[in-house]
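Since the structure comes first, as structure tokens, the remarks are kept for the end.
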Amino acid sequence: MLKYLVRRLSATLLVITLVSMSVFIIFAYLPMDPARLTCGKACTPPIIEANRHRLGLDVPVQIQYGRFVKGLFVGREYGEGAAKFECPAPAFGYSFNKHECVATLIASAFPVTFSLAIGAFILWLLLGVSLGVLAAKRQGKWQDKASTVFVLVGISLPTFISGILILLLALKFNLINPIEMGRWVSPFTNPLGWAWNFIFPWITLALAFAATYTRFTRSNVIETSSEDYIRTARAKGLSEKVILRKHTLRAALAPIVTIAGLDFAGLLGGAIITENIFNLPGLGRLSIRAVLIDYDLPVILTTTLLAATFVVVMNLIVDILYAYIDPRVRVA
Amino acid sequence: MADVAVVDSEVADATVVQRTPRQIAWMRFRRNKVGVISACVALFFIFGAYLAPIITRILGLSNTKTYPETLNGFAMPVGGAGGMSLSHPLGVEPGAGRDLLALLLYGSRISFSVAIITSVASIGLGMLIGITTGYFRGKVDAIVGRFSDFLLSFPSTFMIIALALPLTQRVEALHIAQDNGARIVVLVVFFVFFGWPGFARLVRSQAFSMRERDFVMAAQALGASSWRIITKELLPNLWPTAIVFLSISLPGYLAAEAVFSFLGVGVQAPASTFGLVLSDAVTYWRDDPAYLIIPSAYLIIIVLSLNLLGDAIRDALDPKNSPS
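So the sequence lines, in the order shown, correspond to chains A and B.
Take this note's numbering: the final residue in the first sequence is number 339, and no numbers are missing along the way.
Take this note's numbering: the final residue in the second sequence is number 346, and no numbers are missing along the way.
Have a look at this one:
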């Protein structure tokens, strides 16, 4: 087990390094000059060059990458003398346009995205798995047909349309205050306000994801129910409830853990569409605004790297979890 | 692939009708009412998209012309349901006053083009790479496998959003295409670049198991070249997989194109894709809800019919694997 962990962990680190390197290189060779983007209309060649030097963009890309990695661990200083400013570790970079360290921006955006992702995740798992189990147990009955309709609607309704419709309905019935919308409420000071803030975005995301889970759970439960060991359990005289909970679901849900983990990780990087529609100041909106408003490279680079890291790390977590949930999987 | 009992050929003509797998699938598909109806609906919209110039000319409409007489003093459509009338069947756009039907027809042309080109290209590329790696295995397989794993761990949505703008400028600078043409080129290239690994994996695993089957071994024993085995033995057996995958990915890319133009990184005005019309409609929703509902319904019907069609095709090609 330990050997497996070490091997997987080092493979994960390698992938993160490779992905971050390639993202870094791609961004370094973009046709736009990041130093030119720091000053907008006030740009004169001397200012551009000065900013280029202050941001450390005047050295070869491999040195830039080295400094970037170092900054992640020990923090980073920009410029010299009176114009010196520093970002403490983890220093992802400095956003000249917003006059802030990227880590500060991320730190304020991440709780929003995390709240959005975790709530939607719980909601869609509950909805998707229970509907899927129901449909499998009542195969061919009206419950099954209703879930088929739900799956089709969920799959065919693009998030940006369902999001808009949910938002507009909520506004129409005065369920949300358009002025208060998107204001961050901490779950520790005002849990109800926090939940209310996120309920409609949660529903939007859950609708989009639950459909796939319903379909997947249904087919998995049906497949598992025909296995010999389920018949054995039934022959032993176990109640249907116990069989479902202890035998069928355990096997049927194992593959769902994999997809659920990856979907969740994907959302942690920023639910771009939902955040945009509901005006939530999370990572997704941070990056799309950085692209559309001023092409704020350090921010874009960081959000992209974070999104990749979440997926790769979650991949590892899911694989380890899998071994615990599914007794048939033994790590070697 | 002879799956009907071999009968003496002269008798066979009279009594036993031999059916190819394709005919069997087609028969199964024809019996599926939902499938046939959704195929008709999907074809209706596809023809509508590609015949947009002809249809609009017959109806006497244009996607660029404005119709100020249909708007009131507040630039809102006159009459109920977004200004629906005989001359403007789906109403008009508030603000500028263009005809909504013409906008949607031309908009869906862009969406369908992106979706079809992307699906076909990523399936073609995935097929090529999947077959070669699955059949030849070895070093190439290991390298390509690692590379596609690597691609799959990339945050593709973020990369598209972040790189669409600079890459569009690059495409324009290289004089490959201009404006929306350039944006479409970038979008398609991106979708294909991140889209092929999924299908390649599927094909690879199938080619992997197929190369051990008797009919491939028989071909090898006869001295057939690898090229001949791939094109004559493997490829025909992989068509069903490709068709099913096509029917799944088509609505996905259609919606993806809409999303990116909605977010502002895809096709831009004066074109009129679903994403653009809808992001415009959000600003008018209180005064002109029809302008929001009609394009949404238009897009949803297209995606729904394509999804239902995909399910029907899957059922027809592989009856064992029927979804919920």
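We treat Cβ as the ideally placed atom computed from N, Cα and C, and that holds for glycine.
Is the Cβ-Cβ distance between residue i and residue j less than 7 Å?
i, j, result
"residue 128 (chain B)", "residue 294 (chain B)", "yes"
"residue 99 (chain B)", "residue 116 (chain B)", "yes"
"residue 224 (chain A)", "residue 147 (chain A)", "no"
"residue 264 (chain B)", "residue 145 (chain B)", "yes"
"residue 325 (chain A)", "residue 222 (chain A)", "no"
"residue 280 (chain B)", "residue 297 (chain B)", "yes"
"residue 175 (chain A)", "residue 307 (chain B)", "yes"
"residue 44 (chain B)", "residue 156 (chain B)", "no"
"residue 103 (chain A)", "residue 45 (chain A)", "yes"
"residue 241 (chain B)", "residue 251 (chain B)", "yes"
"residue 177 (chain B)", "residue 314 (chain A)", "yes"
"residue 269 (chain B)", "residue 335 (chain B)", "yes"
"residue 256 (chain B)", "residue 222 (chain B)", "no"
So which residues on chain A does residue i lean against when the C-beta distance must stay under 8 Å?
i, result
"residue 73 (chain B)", "Per Cβ cutoff of 8 Å: no residues; residue 73 (chain B) is ~24 Å from chain A at best."
"residue 290 (chain B)", "Correct list: empty, because the minimum Cβ distance to chain A is about 11 Å."
Enumerate in chain order the residues of its own chain whose CB-to-CB distance from residue i is below 8 Å, with the five nearest sequence positions on each side excluded.
i, result
"residue 332 (chain A)", "257, 260, 261, 264"
"residue 24 (chain B)", "A caution first: residue 24 (chain B) carries a pLDDT of 48, below 50, which makes its placement in the model unreliable, though a value can still be read off. So the list is empty, once near-sequence residues are dropped."
"residue 15 (chain A)", "323, 326, 327"
Apart from the five residues on each side of it in sequence, which residues of its chain come closer than 7 Å, Cβ to Cβ, to residue i?
i, result
"residue 273 (chain B)", "325, 328, 329"
"residue 301 (chain B)", "284"
"residue 13 (chain A)", "none"
"residue 78 (chain B)", "84, 85, 124, 127"
Considering Cα atoms alone, identify which of the options is closest to residue i.
i, options, result
"residue 38 (chain A)", "B:164, B:151, B:150, B:187", "B:187"
"residue 162 (chain A)", "A:107, A:226, A:63, A:219", "A:219"
"residue 68 (chain A)", "A:79, A:196, A:321, A:34", "A:34"
"residue 140 (chain B)", "B:305, B:278, B:300", "B:278"
"residue 168 (chain B)", "A:19, A:133, A:149", "A:19"
"residue 227 (chain A)", "A:143, A:159, A:45", "A:143"
"residue 312 (chain A)", "A:51, A:113, A:104, A:93", "A:113"
"residue 134 (chain A)", "A:46, A:217, A:24", "A:217"
"residue 119 (chain A)", "A:59, A:282, A:328", "A:282"
"residue 191 (chain A)", "A:201, A:185, A:110, A:235", "A:201"
"residue 274 (chain A)", "A:54, A:83, A:208, A:103", "A:208"
"residue 115 (chain A)", "A:277, A:316, A:182", "A:277"
"residue 218 (chain B)", "B:247, B:51, B:275, B:39", "B:275"
"residue 267 (chain A)", "A:173, A:297, A:329, A:23", "A:329"
"residue 258 (chain B)", "B:245, B:136, B:206, B:237", "B:237"
"residue 43 (chain A)", "A:57, A:79, A:295, A:32", "A:57"
"residue 90 (chain B)", "B:82, B:185, B:119, B:75", "B:119"
"residue 170 (chain B)", "A:290, A:167, A:22, A:304", "A:22"
"residue 168 (chain A)", "B:320, B:271, B:81", "B:320"
Report the neighbours of residue i on chain B: residues whose CB is nearer than 9 Å to its CB, in chain order.
i, result
"residue 22 (chain A)", "171, 172, 175"
"residue 167 (chain A)", "277, 280, 281, 284, 285, 297, 300, 301"
Cα separation between residue i and residue j?
i, j, result
"residue 250 (chain A)", "residue 243 (chain A)", "10 Å"
"residue 284 (chain A)", "residue 178 (chain A)", "13 Å"
"residue 136 (chain A)", "residue 9 (chain A)", "33 Å"
"residue 254 (chain A)", "residue 175 (chain B)", "33 Å"
"residue 68 (chain B)", "residue 290 (chain B)", "22 Å"
"residue 96 (chain A)", "residue 85 (chain A)", "13 Å"
"residue 63 (chain B)", "residue 71 (chain B)", "12 Å"
"residue 280 (chain A)", "residue 233 (chain B)", "44 Å"
"residue 331 (chain B)", "residue 323 (chain B)", "12 Å"
"residue 117 (chain A)", "residue 204 (chain B)", "34 Å"
"residue 170 (chain A)", "residue 51 (chain A)", "44 Å"
"residue 249 (chain B)", "residue 239 (chain B)", "14 Å"
"residue 200 (chain B)", "residue 194 (chain B)", "5 Å"
"residue 61 (chain B)", "residue 40 (chain A)", "49 Å"
"residue 165 (chain B)", "residue 212 (chain B)", "21 Å"
"residue 307 (chain A)", "residue 300 (chain A)", "12 Å"
"residue 77 (chain A)", "residue 151 (chain A)", "55 Å"
"residue 288 (chain A)", "residue 247 (chain A)", "46 Å"
"residue 299 (chain B)", "residue 63 (chain A)", "43 Å"
Can you list the residues of chain B that residue i reaches, using a CB-CB cut of under 7 Å?
i, result
"residue 54 (chain A)", "Result: empty, since nearest Cβ-Cβ is about 22 Å, beyond 7 Å."
"residue 58 (chain A)", "Ordered by position in chain B, no residue passes the 7 Å Cβ test against residue 58 (chain A), which lies about 19 Å from the chain."
"residue 39 (chain A)", "188"
"residue 329 (chain A)", "Result: empty, since nearest Cβ-Cβ is about 17 Å, beyond 7 Å."
Ordered along the chain, which non-local residues of its own chain (more than five positions away) have a Cβ less than 6 Å from that of residue i?
i, result
"residue 172 (chain B)", "none"
"residue 122 (chain A)", "205"
"residue 339 (chain A)", "With a pLDDT of only 48 at residue 339 (chain A), under 50, the local geometry of the prediction cannot be trusted, and the value read off the model is given with reservation. Closer than 6 Å at Cβ, skipping near neighbours: no residue."
"residue 92 (chain A)", "85"
"residue 291 (chain A)", "277, 278, 279, 282"
Give the interface partners of residue i over in chain B, defined as CB-CB distance under 8 Å, in chain order.
i, result
"residue 276 (chain A)", "177, 180"
"residue 319 (chain A)", "175"
"residue 26 (chain A)", "172, 175, 176"
Residues of chain A with a CB under 9 Å from the CB of residue i: which are they?
i, result
"residue 286 (chain B)", "295, 298, 299"
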